[in-house]
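Number of protein chains: 2
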Amino acid sequence: MKALTLLRYPEGAPRPEDFELVELADPVPGPGEVLVKVTHLSMDPLPRVRMQAKPVMGPPMRIGAPVEGRGVGRVIDSNDPTFAEGDMVLGELGWQGLAVLPGAKLTKVRGGQPHQHLGALGPTGFAAWFVVESLAPRGGETLLVAPAAGAVGSLVCQIAAARTADLQLVGTAIGAEQADYLDGIGVTPMAADADWPGPGGIDLFVDGVGGAFHDRMLAALNPRARVLLLGFVSAYGEEGPPRYGNAGAVLLKRARMEGFLLADHMTDTPAVEAARKQLAAWLEDGTVRPAERLHHGLASAAAAFSGLFTHSPPGKQIVELEDKA
Amino acid sequence: MKALTLLRYPEGAPRPEDFELVELADPVPGPGEVLVKVTHLSMDPLPRVRMQAKPVMGPPMRIGAPVEGRGVGRVIDSNDPTFAEGDMVLGELGWQGLAVLPGAKLTKVRGGQPHQHLGALGPTGFAAWFVVESLAPRGGETLLVAPAAGAVGSLVCQIAAARTADLQLVGTAIGAEQADYLDGIGVTPMAADADWPGPGGIDLFVDGVGGAFHDRMLAALNPRARVLLLGFVSAYGEEGPPRYGNAGAVLLKRARMEGFLLADHMTDTPAVEAARKQLAAWLEDGTVRPAERLHHGLASAAAAFSGLFTHSPPGKQIVELEDKA
Chain E
1 MKALTLLRYP EGAPRPEDFE LVELADPVPG PGEVLVKVTH LSMDPLPRVR MQAKPVMGPP
61 MRIGAPVEGR GVGRVIDSND PTFAEGDMVL GELGWQGLAV LPGAKLTKVR GGQPHQHLGA
121 LGPTGFAAWF VVESLAPRGG ETLLVAPAAG AVGSLVCQIA AARTADLQLV GTAIGAEQAD
181 YLDGIGVTPM AADADWPGPG GIDLFVDGVG GAFHDRMLAA LNPRARVLLL GFVSAYGEEG
241 PPRYGNAGAV LLKRARMEGF LLADHMTDTP AVEAARKQLA AWLEDGTVRP AERLHHGLAS
301 AAAAFSGLFT HSPPGKQIVE LEDKA
Chain W
1 MKALTLLRYP EGAPRPEDFE LVELADPVPG PGEVLVKVTH LSMDPLPRVR MQAKPVMGPP
61 MRIGAPVEGR GVGRVIDSND PTFAEGDMVL GELGWQGLAV LPGAKLTKVR GGQPHQHLGA
121 LGPTGFAAWF VVESLAPRGG ETLLVAPAAG AVGSLVCQIA AARTADLQLV GTAIGAEQAD
181 YLDGIGVTPM AADADWPGPG GIDLFVDGVG GAFHDRMLAA LNPRARVLLL GFVSAYGEEG
241 PPRYGNAGAV LLKRARMEGF LLADHMTDTP AVEAARKQLA AWLEDGTVRP AERLHHGLAS
301 AAAAFSGLFT HSPPGKQIVE LEDKA
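First to last, the sequence lines map onto chains E and W. Here the UniProt record's numbering is used: position 78 in the first sequence is 78, and no number is missing along the way. Here the UniProt record's numbering is used: position 258 in the second sequence is 258, and no number is missing along the way.
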C-alpha cells in the first residue's frame, strides 16, 4: 500500500517537501483488530504541534512513519465482532491506504456522505458547536473569529448566527476567495495583519491564530469580553511556547480567557447527541452550509495540509483517496 | 499644608527620590465640598500604572501634584449636609495633609480603628474577599497566591482557608520575615524566582506578579485550573504592555484566566454588605488576623510605597500622618 510519511520535522509552516510518498507492506489485522481501507482523510492544523522532537499533547510523530491523522474508511476485514466488512468507520487512521486498529479505537458512522463525518457531521462540526456553546453569544454582541474561513471557523460563524440573532460577525480571511466566501455567509472579512476595524470593540473572540494578531485584538476588547483559545496557527513550529503579550488587557478589561479542546466535550454523550441532531437539522434546511474542498489522491495531502498554515480554499479540506489501496 | 508630590515618572520600581515633600497652601472647600484632615494613607501598588505619561486606567498622574491615593481622614469643615465636623471618611484623599473633595466622593466609616477601613475592613479586605469568591476554591485543591505576604494576598490566603477546609496553600515571599509570616498563617512559602515546588500541580492561581514567574507557574497548572490576574508587580513601568508567554498552557490545560478589578464587585451592595459582616466576624473571633505595618509621617509614604515593589514587611502598609496639618 501507499503511505505518506513524515520526512523531517517542519520548520515553521509545513511544506509539501516535508513529506514523502512511500510503498509499505499491507498491514494484517491481529486478534481484536480491524483492517480499514482509508477513503477520506481530515486535514487539521492541531496535529502540527506533534510534528516536533519535543512531546506536546502526546509523543512526537515519528520520522519515516505514516503521518498520524483522522480519517474515515471502509472495513474490509475484522477480528472484532462489533465491526463487519463494509461498515464505514471514523478513527485515527493515518495517511495511508490501509489501516489496522483495535475495534475499540473506531467509531461506526451511518448516513450522509463518508467525508461529512470528518466535517460538519463529525469532529469539525462538534468543535464549532461546543465553541459556540462555551461562548454563549448574546444578541447585540460582536464576535471575532480567527481564522474564519477555515473548517471550524466557518461553522462557528454560521452556528453562532443560527443560534443568536443580531450578532455582529467579523472574521479573518487570507486572500480574495476567503474574503468573498465570508462576505457570502454574513461575516465582515478582515486581514490577520490589520488592526481591528470596528465600529465598537470585541465582545467575543475565538482565536486560533495567536501571536501579534492576538495581542492587537486584545487591545480592542470590550469590558468583560470572553476569549476562547483554540490554537496558534501563527506560532506552530516557533521555538519555545507560543507567546502572547497583552496581559494588561485581560486584567484591565476583566476579560475571561479559556482554552478549548474538543475532547473535553465529547465525553458528555447527551450534549453530543443534542449537537448531532441540531447540526443535522441545520444542514438539512440549509441554515448551515458547510464549505468543503476535496483533494484527490493520498499524495495531495502534503499540499492540502501545508495550505492550512498559509492559504487554503474556504472551509474543510479533505483528501479523498484513490479506490486502489 | 505638607504634600508629597510626584517629582518624575518612575522608571521600573518607584524609588523614594521620585517623590518630593513640598509646602502647599491649605485648600478651601467650595459649595458641596468637604475639607478633610488626612489621618491615614493606604499604600497600594495599582496606582503605579498611572505614574506614566501614557493614560492607563484613567489619566496619568500629574508631575508636581500630590500623589493620588486612597486614605481616611476626619472632616474639619463641610459644605455638604451629609457630612459633619468630626466624621471619619474614606476616599481618594491624596498624599497631603488636607484634602478637599465633593461629598459624593467620600464614604463615611464607623467603628473599628480608622486605619482598619483601609485594610481588612476596607477595600483591601473586600478585594481579598471577592478574589476568593471569584475563585470558589474546593477542598483538596492547591491555591498559589503571589505575592502572598502583601495586604491583599495575606487576606486571600486566610479567607480561602477560613472558607474551604483541606486547601493546600502556597505563596510567594520576599525574604525571611515574609516567609516566616506565611509559615505562621499556614501557607507554604516559595520565592518568586523559584520553580513550582509541588507536590502536584496548581489548581488555582492568584497572580499579581506577572512576567517570567507567571509563565513558569502556568507550566505547572493542572487541567481546568483557574487563574485570576490582579496586577503585574514585576512589570509596572516596563516599556509596552505587561507580557506573558505561556499561552500554550492555557489552551492545553483548558485553563480559565480572568482579570479582576475590585470596582466591578463594589457595585453589588448586598454582596458587599455580606462580605463586611463575615469579615468583621472573622476579625472578631480571630479566624482572620490581618497583618499591618504603620509608617509614621507623610514623608514616609515615599519609602513605604517603593517598598511594595521590592521588599515590605508582611501585610498592609499604612502611613499615619502627624497630627499637625
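Backbone N, C-alpha and C fix where the C-beta goes; we use that ideal spot for every residue, glycine too. Keep in mind the model is a prediction, meaning the values are calculated, not measured.
C-alpha distance - residue i paired with residue j, whole-angstrom precision
| i | j | result |
| --- | --- | --- |
| G150/E | G119/E | 11 Å |
| A165/E | L143/E | 12 Å |
| R216/W | N222/W | 13 Å |
| R163/E | L230/E | 20 Å |
| Q178/E | L251/E | 34 Å |
| A136/E | G248/W | 23 Å |
| R110/W | P270/W | 18 Å |
| P313/W | I76/W | 33 Å |
| A65/W | P10/W | 15 Å |
| I202/W | A225/W | 7 Å |
| P45/E | F309/W | 43 Å |
| G140/E | Q168/E | 7 Å |
| V145/E | D180/E | 16 Å |
| D268/E | W129/E | 13 Å |
| A325/W | V22/W | Note on A325/W: pLDDT 45, under 50, position unreliable in the model; no value is reported. |
| A25/W | V67/W | 16 Å |
| G286/W | A194/W | 32 Å |
| T188/E | L182/E | 7 Å |
| A274/W | G210/W | 31 Å |
| L50/E | G184/E | Before going on, a small fix: residue 50/E reads as Arg here, not Leu. Their Cα atoms are separated by approximately 35 Å. |
| D18/E | L294/E | 21 Å |
| V292/W | I318/W | The identity of residue 292/W in the sequence shown is Glu, whereas the question assumes Val. Rounded to whole angstroms, E292/W to I318/W spans 7 Å at the Cα level. |
| F83/E | V131/W | 53 Å |
N-terminal and C-terminal residue of the beta strand (DSSP E) that residue i is part of
| i | result |
| --- | --- |
| I159/W | Per DSSP, I159/W belongs to no beta strand (DSSP E); it is in the alpha helix (DSSP H), A151 to R163. |
| F205/W | I202 to D207 |
| A99/E | L98 to P102 |
| S134/E | First-last for S134/E: P123 to L135, but that is the alpha helix (DSSP H), not the beta strand (DSSP E). |
| L169/E | Q168 to T172 |
| V75/W | G71 to S78 |
| L262/W | From DSSP, L262/W is part of no beta strand (DSSP E) but of the alpha helix (DSSP H) over L262 to M266. |
| M61/E | Element bounds for M61/E: n/a, residue is neither H nor E. |
Coarse secondary structure for residue i, derived from DSSP in three states
| i | result |
| --- | --- |
| F19/W | strand |
| S312/E | coil |
| G184/E | helix |
| Q116/E | helix |
| K54/W | coil |
| K2/W | strand |
| D26/W | coil |
| V231/W | Looking at the sequence itself, residue 231/W is Gly, so the reference to Val does not match. Note: G231/W maps to coil in three-state DSSP. |
| A146/W | strand |
| A325/E | Low confidence applies here, because A325/E scores a pLDDT of 45, under 50, leaving its location unreliable and the question unanswered by this model. |
| R254/E | coil |
| P81/E | coil |
| V288/W | coil |
| R224/E | strand |
| E92/W | coil |
| P45/E | coil |
| residue 406/W | This structure does not reach residue 406/W, given that chain W is present from 1 up to 325, and the question cannot be answered. |
| E177/E | helix |
Segment limits, alpha helix (DSSP H) that includes residue i
| i | result |
| --- | --- |
| L283/E | T269 to D285 |
| H40/W | From DSSP, H40/W is part of no alpha helix (DSSP H) but of the beta strand (DSSP E) over E33 to S42. |
| R293/E | Run containing R293/E: none in the alpha helix (DSSP H); it sits in the beta strand (DSSP E), E292 to H296. |
| L218/E | G211 to L218 |
| S306/W | A301 to G307 |
For this session: Below 8 Å between beta carbons is the criterion; list the residues of the stretch 245-265 of chain E that meet it against any residue of chain W, in chain order.
Result: G245, N246, A247, G248, A249, V250, L251, L252, K253, R254, A255, R256, M257, E258, G259, F260, L261 and D264
For this session: Check each residue of the stretch 203-230 of chain W: if its Cβ is closer than 7 Å to any Cβ of chain E, include it; give the result in chain order.
Result: G210 and L229
Problem set entry | Near-chain W residues of the stretch 50-66 of chain E - C-beta to any C-beta below 9 Å | V56 and M57
Problem set entry | Proximal residues, the stretch 299-313 of chain E versus chain W, C-beta separation under 7 Å | none
Exercise. The stretch 104-138 of chain W: which residues have C-beta closer than 7 Å to a C-beta of chain E, in chain order?
Worked result: none
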